[in-house]
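Accompanying notes for the structure given below.
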Amino acid sequence: MKEDSVLDGSVEEQCKELTRCIAGGVKQSNSLSGSESHEYLSSVSSEYRRSVRKLNKRVLKVLELLVGSGVSGKQVDEVFDSVVEYAEDALEVALTNVEEIGRDGEEQGELSRSAQFRRPSANLAKHHLKKPQLDFDDWPIDNSDTPFIPVAERKNPQLSDSVKQHVNRLSINNESVSLKHPYENDILQAAKSSALLPVPDRPRLWGSFEKTEFTFVEDEPDFEVMLEKLLGEKEIAVDLENHSERSYQGFCCLMQISTRSEDFVIDAIKLRSIMNRLLPIFSNPKVVKVLHGANHDVQWLERDFGLYIVNLFDTFASTKLLELQGSLAFLLEFFCDVKNSNKKKFQRSDWRVRPLPGRRIGAFI
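Under my numbering, think of the first position of the sequence shown as 6, with each following residue one higher.
Now the structure itself:
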């Protein structure tokens with residue numbers, strides 16, 4: 006299938022041609038032998054085996070053109086995942102283009118090839134992206150199998166005495182021992198204090214998405230403005246997007262912090278070196294931190310930013326206590342009447358990509 010043959014004509018004609026090509030591919034796929042027939046023919050026919058090997062090489066070449074180099078030698082599941090990711094990102098770019106065209110007031114059916122479509126290739130060069138971790142202030146990352154050492158005073162001279170003591174003990178102790186969590190006392194005390202809090206007579210409901218202010222934080226001035234606002238809050242909701250497919254330990258790419266009146270999405274790659282300034286909020290027992298399934302998030306916050314959570318409310322843990330379904334999508338629909346959440350759809354997206362597609366930000370919040 007040649008690109009020109011698909012992109013000639015109006016959008017409606019392009020869609021018809023694409024549909025025809027896809028239908029042909031599906032038909033050919035359905036005509037292939039099942040796994041049992043394949044195993045039998047492979048065992049009795051050398052000619053069949055040669056044909057399959059030849060076809061495999063052709064398929065791999067096509068896939069390398071589609072999703073980039075590095076396909077050869079991979080397991081079938083890995084190759085399949087790469088193709089799925091490519092297709093998802095291509096659809097995302099297409100949907101974003103359609104939305105932008107709709108905002109411009111143009112009729113989709115009248116558009117021709119001259120329309121300025123963004124090409125998927127700009128966002129699909131995952132295998133060729135420069136590793137953002139190469140620009141981290143704490144590069145090179147310590148991947149050795151040694152006891153974890155929290156982000157120390159070089160990032161925040163106001164770390165608590167318990168953290169300083171924890172770091173010092175780790176630096177002089179090479180034995181495999183389990184050391185006390187630097188905020189253990191604060192966490193236990195916060196749990197006792199929370200149990201004594203009065204239950205409000207009338208719970209305060211959430212605001213609508215349309216009326217909730219949104220800010221994408223990607224520079225230090227905006228970060229400081231956000232920090233000033235958060236210091237006055239009594240509860241915040243937190244979510245992270247971590248990238249681990251092309252990194253040994255992984256690293257956080259985005260952090261969302263929501264208050265009752267505003268949503269913040271922080272570029273945690275670009276602002277990695279100053280994320281630790283959030284510690285006075287995260288470690289403050291008077292501020293409730295709401296997360297869903299916080300097991301991994303807690304580890305990522307400590308690993309990348311030296312952030313420790315004191316006074317955590319985990320909505321996933323609460324569903325178990327209430328004997329409800331544990332998925333975030335269920336909770337959104339059950340309590341907030343928010344249906345068809347897109348968050349899971351983009352769960353496997355490559356969150357390193359910059360600039361970040363608008364649809365992913367919308368799904369993230």
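Virtual Cβ for every residue (Gly too), placed ideally from N, Cα, C.
Since the model is a prediction, treat every value here as computed from it, not as a measurement.
Which of helix, strand or coil does DSSP assign to residue i?
{"i": "Val315", "result": "coil"}
{"i": "Asn289", "result": "coil"}
{"i": "Lys66", "result": "helix"}
{"i": "Val222", "result": "strand"}
{"i": "Asn35", "result": "helix"}
{"i": "Arg357", "result": "coil"}
{"i": "Leu296", "result": "strand"}
{"i": "Val343", "result": "coil"}
{"i": "Arg147", "result": "It should be noted that the sequence gives Asp, not Arg, for residue 147. Correct three-state label for Asp147: coil."}
{"i": "Ile274", "result": "coil"}
{"i": "Gln19", "result": "helix"}
{"i": "Arg25", "result": "helix"}
{"i": "Asp94", "result": "helix"}
{"i": "Gly30", "result": "helix"}
Quick check: residue i and residue j, are their CB atoms within less than 8 Å of each other?
{"i": "Ile286", "j": "Val303", "result": "no"}
{"i": "Leu60", "j": "Tyr91", "result": "no"}
{"i": "Asp272", "j": "Gly298", "result": "no"}
{"i": "Thr324", "j": "Leu337", "result": "no"}
{"i": "Thr264", "j": "Glu238", "result": "yes"}
{"i": "Pro137", "j": "Arg308", "result": "no"}
{"i": "Ser288", "j": "Asp191", "result": "yes"}
{"i": "His248", "j": "Asp147", "result": "no"}
{"i": "Ser47", "j": "Arg54", "result": "yes"}
{"i": "Ser266", "j": "Gly212", "result": "yes"}
{"i": "Leu68", "j": "Val84", "result": "yes"}
Please list, in chain order, all residues of the same chain as residue i whose beta carbon is under 6 Å from its beta carbon, the five residues on each side excluded.
{"i": "Leu245", "result": "Cys257, Met260, Asp302 and Trp305"}
{"i": "Met231", "result": "Val222 and Phe269"}
{"i": "Ala195", "result": "Pro290, Val315 and Asn316"}
Could you name the residues of the same chain whose beta carbon sits closer than 7 Å to that of residue i, not counting the 5 residues immediately before and after it, in chain order?
{"i": "Glu240", "result": "Val292, Val293 and Val295"}
{"i": "Gln330", "result": "Thr324"}
Under 8 Å Cβ to Cβ from residue i, same chain only, skipping five residues before and after it: list those, please.
{"i": "Pro360", "result": "none"}
{"i": "Glu225", "result": "Leu276 and Ile279"}
{"i": "Cys20", "result": "none"}
{"i": "Leu236", "result": "Pro285 and Ile286"}
Unbroken stretches of the alpha helix (DSSP H), 4 residues or longer, contained in the segment 202-268: Here the runs fully enclosed are 225-235.
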